[in-house]
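Chains as they are written, first to last, in this note's numbering: chain A, 92 to 282; chain B, 498 to 864; chain C, 2 to 177. Glycine included, each C-beta is placed from N, C-alpha and C at the ideal position.
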Amino acid sequence: MDKKNYFLDEKPEKLTYGGVFRKIDDWARARSLWVVAYGTGCGSIELRPTFTSRFDAERLGMRMVGTPRQADVLIISGYLTVKTLKRVIRVYEQMQSPKYVVALGACPINGGMYYDSYNAINQLDLYLPVDVWITGCMPRPEAILAGFKRLQELIDSGRADGWKKYIENLDWYRENQRKIIKNWKMPNYNW
Amino acid sequence: MSKKEVRLFIGPQHPGVTGNMSVEVLLKGDTITWAKTHIGYLHRGFEKLMERRIYIKSFPLVCRICVPEPDTNEENFARALEELGGIDIPERAKWIRTLVLELSRLQMFIMWYGGIAGSMGLSTPVQWGIGDRDYILDLFEELTGGRIYHIYIMPGGVRKDLPEGFEERVLKVMDMIERRLPEYDEIIMENAVVQKRLKGLARIPKEWVDEMGLTGPVARACGFPYDVRKDHPYEAYPYLDFDVITEEGCDAWAMLLVRRREIDLSINLIRQIIDRMPGGEFQVPLPNVLYWRIPPGETYVKSEATRGEFGYYVVSDGSDKPRRVHVNGPSFVHGITLLERLLVGQNIADVAPIMVSLQTCPPEMER
Amino acid sequence: MEILERLRERFEVLEEKVQRDDLIFVGTTGKNLIPMLVYLKEYEGFKTLVMISCVDWIEEGKFQLSYNLWAPKQKKNIIVKVFIDRKQPNFTTIYRIWPQAEVYEREIHEMFGVNFEGNPTQGEELILEDWDDIPPMRRDFDTLKYSMEKFGERAPKSRINIRREISEQYDEWRRK
């Protein structure tokens, strides 16, 4: 197994975002949000009712997709452990820009009830740019839908620019990430 | 690893795995020759955190150990503390606890029933299963205030009494679910895809059951009548009238049949409980919980979760915090020891149905 | 209980306690442990290993290993306890008796640093990744300090200060 560095270490040279059709693009993007199916924490149990028959998020243009390459939204459903954080960064960097991060619950804000845990991170926005925070433990499906409504508004008005900040401040994010993830080269089971 | 083999990682970001875990496999063509489970993606160190918190503060923590079915954890931990602290709880509290446990088992089984079809690519039963489960979650919301995490069972009883008219609403939901079940059977049990793929899949040798300590529906699908509700009756189960469900066959189809019959059993038990619910107090007053010291001692309590035997090993040293709490979920054996051996020789497409059949639940493996 | 008498005849039993009708605790020495487990498995019907647990008694300088067995016929649990030295935590594996013991021992090695000689997968990472401190479940490991150092403060400092001021005001008010 080669120890190739799969993480993005250099900034992309040119951002293909903006231009004359930006408003039209954003309008369309806000109405078809595809969510990568990665249940990173306990919040994923409420994502199932949200995306199935009762609350039916599909009527708002949202659905789950299996691969990050086709997804627009990454949901951080609750706490993140060190081991998951590494995979989440990997998933996030595989997603195509523009991409958005939604964080559920109190745990990604300040650690929540796991503030003294040796394996759960305390503040998510040191490592990934978050666009929308949704409160609750766990957030009810209605709250998740309201959060997505807010995300749609932000995208519509061009203010959901977390992914741009991530690229602009990549060095700062990298430094924070490397503080936690000691073995930055991925081991060969890292998927 | 020879050159003809391919190393493949299934999960953690994969729609087929049951939660945030991953399986590393070696493939020869389409056949798995070696498998290894990787866990730890959800490890929060509950056992360490509980050593730092007083007993009553641990209750918001324990329900998060198994997300889809939190009540088993609360009940186990509360029962362990009552045994060590010498507290007797009133009859009505026991019956209410049993009602909550059975409702929680039922919602998990219904979600699983849709999930096993979903793991084979049938998407209609998934929508039905999760949709019908929501009726039970609404009941929980009325009873406890939370859909997923209830923190309802406390040492000394339960937090609140049943609301007025709750029993009728439970019975109404049970009638509704019972009416829906034949439709489920029609699209799952009588589906040729399900029958063809599950019959003979993941056949477990019978001698593994005792040797590895398999429990729950996995052991009962091999013909072993192991059920903690019957073997070590707790709460109100000794007064209830039921038989242990067993099937012969030892394969994924037998596990499906066991779980399908468990849904009927749960509905039956809930009706019995509501029929015979006694009156009286629903909790006994505890000593001041902020200074509650439990005498030195240790105990092991267990109960029947949907996946198997769920045990709590609690050691107290006489202070107001536990010395050690060890949570032993059934998935620890099913998901690592059994799964690694079962996957050898199977097809790559069958990994998802096998994992769903064993019902591995990552948060209880790594806590 | 009859089984306790039979155990006392054959092995060195340091302590015994009948917790419930279906739960017995037996303490023994390290030398007697494996013969006792084999005897319980082959002659007394305790066929199944439910779990292995470890307790850190830091004040006495000991680790307690608890082997929890279950008898399917008699419907009884027995927990065999053994104490080992905390400074040199070495013990023998029992994975040849029960295969699932391998994973439990691997977890205890990771969380407590107990060394099980002969365990084939010991030392592989099971739960933690790139761990850089003493094993986390030991009592002398301070998880709050580790979390603050590695993951930063729980909340930005200004917010903590506001909370501290409020609590100081509250304390003063109570003193009056």
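Q. Taking the runs of the alpha helix (DSSP H) that are 4 residues or longer, which of them lie wholly in the stretch 508-585 of chain B?
A. 543-549, 556-559, 568-582
Q: For B:R773, collect the residues of the same chain with a Cβ closer than 8 angstroms to its Cβ; drop the 5 residues on either side in sequence, then sort them by chain order.
A: Reading the second sequence from its first residue, position 276 is the one you call residue 773 of chain B. Excluding residues up to 5 positions away in sequence, W592, Y736 lie with their Cβ nearer than 8 angstroms to the Cβ of B:R773 in the same chain.
Q.
Our contact map puts B:V655 next to B:F779 with C-beta atoms below 8 angstroms; I'd like the distance itself, whole angstroms only.
A. Here residue 655 of chain B is taken as the residue at index 158 of the second sequence, counted from 1. Here residue 779 of chain B is taken as the residue at index 282 of the second sequence, counted from 1. About 6 angstroms; that satisfies the 8 angstroms criterion.
Q) At what residue ranges does the stretch 143-214 of chain A contain a whole run of the alpha helix (DSSP H), taking only runs of 4 or more? A) 173-185, 198-201
(Q) Determine, for B:H823, whether the minimum Cβ-Cβ distance to residues of chain C falls below 7 angstroms. (A) In the second sequence, residue 823 of chain B corresponds to position 326, counting from 1. It does: the Cβ of B:H823 has a partner Cβ on chain C nearer than 7 angstroms.
Q | 8 angstroms CB neighbourhood of C:L127 in its chain, flanking five on each side removed | A | Taking the third sequence and counting its residues from 1, one reaches residue 127 of chain C at position 126. Only V104, R107, E108, E111 meet the Cβ criterion.
Q: Check whether the Cβ of C:D141 lies closer than 7 angstroms to any Cβ atom in chain B.
A: Translated into the one-based positions of the third sequence, residue 141 of chain C becomes position 140. With 7 angstroms as the cut-off, C:D141 does not count as an interface residue toward chain B.
**Q.** Continuous beta strand (DSSP E) stretch holding B:H446: start and end
**A.** In the structure as shown, chain B starts at 498 and stops at 864, and residue 446 of chain B therefore has no counterpart that could be examined.
(Q) Distance check for B:M617 and B:A849, CA to CA, integer angstroms please. (A) Position 352 of the second sequence, counted from the first residue, corresponds to residue 849 of chain B. Position 120 of the second sequence, counted from the first residue, corresponds to residue 617 of chain B. If I take the Cα positions, the gap works out to 8 angstroms.
Q) Alpha carbon to alpha carbon, what distance is there between B:K703 and B:E795? A) By 1-based counting over the second sequence, the position of residue 795 of chain B is 298. By 1-based counting over the second sequence, the position of residue 703 of chain B is 206. Roughly 33 angstroms between the two C-alpha positions.
Q. Pick from A:Q214, A:A234, A:L242, A:Y206: whose alpha carbon is nearest that of A:D222?
A. As a first step, residue 222 of chain A must be located in the first sequence, where it is residue number 131. Comparing Cα positions, the closest option is A:L242.
Q) In three-state terms, what does DSSP make of B:Y797? A) Within the second sequence, numbered from 1, the residue matching residue 797 of chain B stands at position 300. Strand, per DSSP.
Q: Would you verify that the beta carbon of B:V731 is, or is not, closer than 7 angstroms to some beta carbon of chain C?
A: As a position in the second sequence, residue 731 of chain B is number 234, starting the count at 1. Residue 731 of chain B is actually Tyr in this sequence, not Val. B:Y731 does not count as touching chain C.
Q. Is A:V221 helix, strand or coil when you go by DSSP?
A. Against the first sequence, residue 221 of chain A aligns to sequence position 130. Reduced to three states, the DSSP call for A:V221 is coil.
Q) Which word fits A:V182, buried or exposed, when buried means at least 16 other C-beta atoms lie within 10 angstroms of its C-beta? A) By one-based count along the first sequence, residue 182 of chain A stands at place 91. Result: buried.
**Q.** Residue-chain proximity (B:D728, chain C), Cβ-Cβ < 7 angstroms
**A.** Residue mapping note: residue 728 of chain B aligns to position 231 of the second sequence, counting from 1. Chain C contact via Cβ: present.
Q) In terms of DSSP beta bridges, what is C:C55 paired with? A) One-based indexing of the third sequence puts residue 55 of chain C at position 54. BP columns for C:C55 point to C:L66.
Q: Please confirm whether C:T49 and B:G710 have their CB atoms less than 7 angstroms apart.
A: For the purposes of this step, residue 49 of chain C is identified with residue 48 of the third sequence, where counting begins at 1. For the purposes of this step, residue 710 of chain B is identified with residue 213 of the second sequence, where counting begins at 1. Yes, Cβ-Cβ distance for C:T49 and B:G710 is below 7 angstroms.
Q. Do you know offhand how far B:I553's Cα is from B:V786's?
A. The residue given as residue 553 of chain B occupies position 56 in the second sequence. The residue given as residue 786 of chain B occupies position 289 in the second sequence. Going by the C-alpha atoms only, they are around 6 angstroms apart.
Q. Can you tell me whether DSSP reads B:D748 as helix, strand or coil?
A. Counted from its first residue, the second sequence places residue 748 of chain B at position 251. Note: B:D748 maps to coil in three-state DSSP.
Q.
What does the Cβ neighbour count give for C:I135, buried or exposed, with the cut at 16 atoms within 10 Å?
A. Here the question's residue 135 of chain C lines up with position 134 in the third sequence. Exposed, since its Cβ has fewer than 16 Cβ neighbours within 10 Å.
Q. When the cut-off is 7 angstroms and only beta carbons count, does B:G537 lie next to chain C?
A. Counted from its first residue, the second sequence places residue 537 of chain B at position 40. Output row for B:G537: interface = yes.
Q | Burial state of C:Q89 (16 or more Cβ within 10 Å) | A | Taking the first residue of the third sequence as 1, we reach residue 89 of chain C at position 88. C:Q89 is exposed by the Cβ-count criterion.
Q. Mind checking B:F620: buried by the 16 CB within 10 Å criterion, or exposed?
A. Working through the second sequence from its first residue, we reach residue 620 of chain B at position 123. Note that residue 620 of chain B is Ser in the sequence shown, not Phe. Exposed, since its Cβ has fewer than 16 Cβ neighbours within 10 Å.
(Q) On the DSSP letters alone, give me the boundaries of the alpha helix (DSSP H) that C:H110 sits inside. (A) Counting from one through the third sequence, the residue named residue 110 of chain C turns up at place 109. Here the alpha helix (DSSP H) through C:H110 covers 102-113.
Q.
Would you say B:Q866 lies against chain A (beta-carbon separation less than 7 angstroms)?
A. This structure gives no information on residue 866 of chain B, because the portion of chain B shown stretches from 498 to 864.
Q | Cβ-Cβ distance between B:G808 and B:T712 below 7 angstroms | A | Here residue 808 of chain B corresponds to residue number 311 of the second sequence, with the count starting at 1. Here residue 712 of chain B corresponds to residue number 215 of the second sequence, with the count starting at 1. Not in contact: B:G808 and B:T712 (Cβ atoms no closer than 7 angstroms).
Q) From what residue to what residue does the beta strand (DSSP E) around B:V811 run? A) The residue given as residue 811 of chain B occupies position 314 in the second sequence. Start and end: 806-813.
**Q.** Contact with chain A by C:L127, beta-carbon distance below 7 angstroms
**A.** Taking the third sequence and counting its residues from 1, the one referred to as residue 127 of chain C is at position 126. It does not; no Cβ of chain A falls within 7 angstroms.
Q.
Would A:G238 and A:I246 be called neighbours here (beta carbons separated by less than 7 angstroms)?
A. Locating residue 238 of chain A in the first sequence gives position 147, where the first residue counts as 1. Locating residue 246 of chain A in the first sequence gives position 155, where the first residue counts as 1. Cβ atoms of A:G238 and A:I246: not closer than 7 angstroms.
Q: Using the DSSP secondary-structure output, state which residues sit across from C:A72 in a beta bridge.
A: Position 71 of the third sequence, counted from the start, is the residue given in the question as residue 72 of chain C. For C:A72, the pairing in a beta bridge is given by DSSP as C:K77.
Q. Can you tell which of B:I845, B:V564, B:G513, B:P819 has the C-alpha that lies nearest to the C-alpha of A:T158?
A. For this step, residue 158 of chain A is matched to residue 67 along the first sequence. Closest option to A:T158, Cα to Cα, is B:G513.
Q.
Strictly by DSSP, which residues pair up with C:F84?
A. As a position in the third sequence, residue 84 of chain C is number 83, starting the count at 1. DSSP lists C:Q65 as partners of C:F84.
Q. Do B:V741 and B:P722 come within 7 angstroms of each other at the CB atom, strictly closer than that value?
A. What you label residue 722 of chain B is simply residue 225 of the second sequence in a count that begins at 1. What you label residue 741 of chain B is simply residue 244 of the second sequence in a count that begins at 1. For B:P722 and B:V741, yes; Cβs fall inside 7 angstroms.
Q | C-alpha distance - B:A718 paired with C:D23, whole-angstrom precision | A | Numbered from 1 along the second sequence, position 221 holds the residue referred to as residue 718 of chain B. Numbered from 1 along the third sequence, position 22 holds the residue referred to as residue 23 of chain C. Taking the straight line from one Cα to the other gives about 25 angstroms.
Q | Beta-carbon proximity list for B:V559, same chain, < 7 angstroms, skipping 5 on both sides | A | Taking the second sequence and counting its residues from 1, one reaches residue 559 of chain B at position 62. Closer than 7 angstroms at the Cβ level, and outside the excluded window around B:V559, lie N570, E571, F574.
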